[in-house]
């Protein structure tokens, strides 16, 4: 190495270059940097804690036999960045899951409300139908108008009944779609956790 060995003790070694003392552990990992006042045996004031200053051109300053601190730093920064991205993704996924659950709950509530309306309309249809059947047996000419009105109301209720059946089917389809999305999200969440 083009660095001059300064000292070695307790599994630590020190090398000197450009008036800086570089401290290494036994595995060759960088520990710290100190000012050098010209006395190799003397470790003086802690020099810096600024990455850019301390590790500037580390591969050149620390010799060909030294590990690439810059490479290790880059890998560490990438790992931290990846971890931050994963955390953001998990937060976003959690928010999406909450939103999906909320939407699904609202859909189920709407489905229940329409189901109750449908049952109420069904009872109305049956009641009007019975009234129409009962009235039809004893209608006279003067009651034709009433019979016609009852028939129109019966037809109207049948249309309402049909519309509500369509809405219920639509909500059932939406509920299945939300369930499918929720299952996909759970599967993706497991894959994120594995990675």
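Residue numbers (UniProt numbering): 1 to 195.
C-beta atoms are modelled at their ideal positions from N, C-alpha and C, and glycine is treated no differently.
Other residues of its chain near residue i: CB distance less than 6 Å, five sequence neighbours each side excluded
i	result
residue 57	For residue 57, the predicted model reports a pLDDT of 36, less than 50, meaning its position is unreliable; a value from the coordinates is still stated below. Excluding sequence neighbours, residue 57 sits near nothing in its chain.
residue 132	150 and 154
residue 87	none
Residue environment, residue i, which counts as buried when at least 16 other CB atoms sit within 10 Å
i	result
residue 89	exposed
residue 76	exposed
residue 41	Interpretation of residue 41 is limited by its pLDDT of 42, a score under 50 that renders its predicted location unreliable; no figure is taken from the coordinates.
Close beta carbons around residue i, own chain, < 7 Å, minus the five adjacent residues each side
i	result
residue 168	111, 114, 115 and 118
residue 97	185
Residues near residue i by beta carbon distance below 8 Å, same chain, minus five either side
i	result
residue 153	128
residue 121	157, 160, 161 and 164
residue 181	100
residue 95	none
Simplified DSSP state of residue i, which is helix, strand or coil
i	result
residue 180	helix
residue 35	Unreliable placement is indicated for residue 35, whose pLDDT of 46 sits below 50; the coordinate value is still reported in the next sentence. It is a strand residue.
Nearest-angstrom Cβ-Cβ length linking residue i and residue j, presumed shorter than 8 Å
i	j	result
residue 199	residue 192	Residue 199 lies beyond the range of the chain shown here (1 to 195); nothing can be said about it.
residue 93	residue 189	6 Å
residue 171	residue 107	6 Å
Problem set entry | the segment 166 to 182 contacting the segment 120 to 128, beta-carbon criterion three pairs below 8 Å | no
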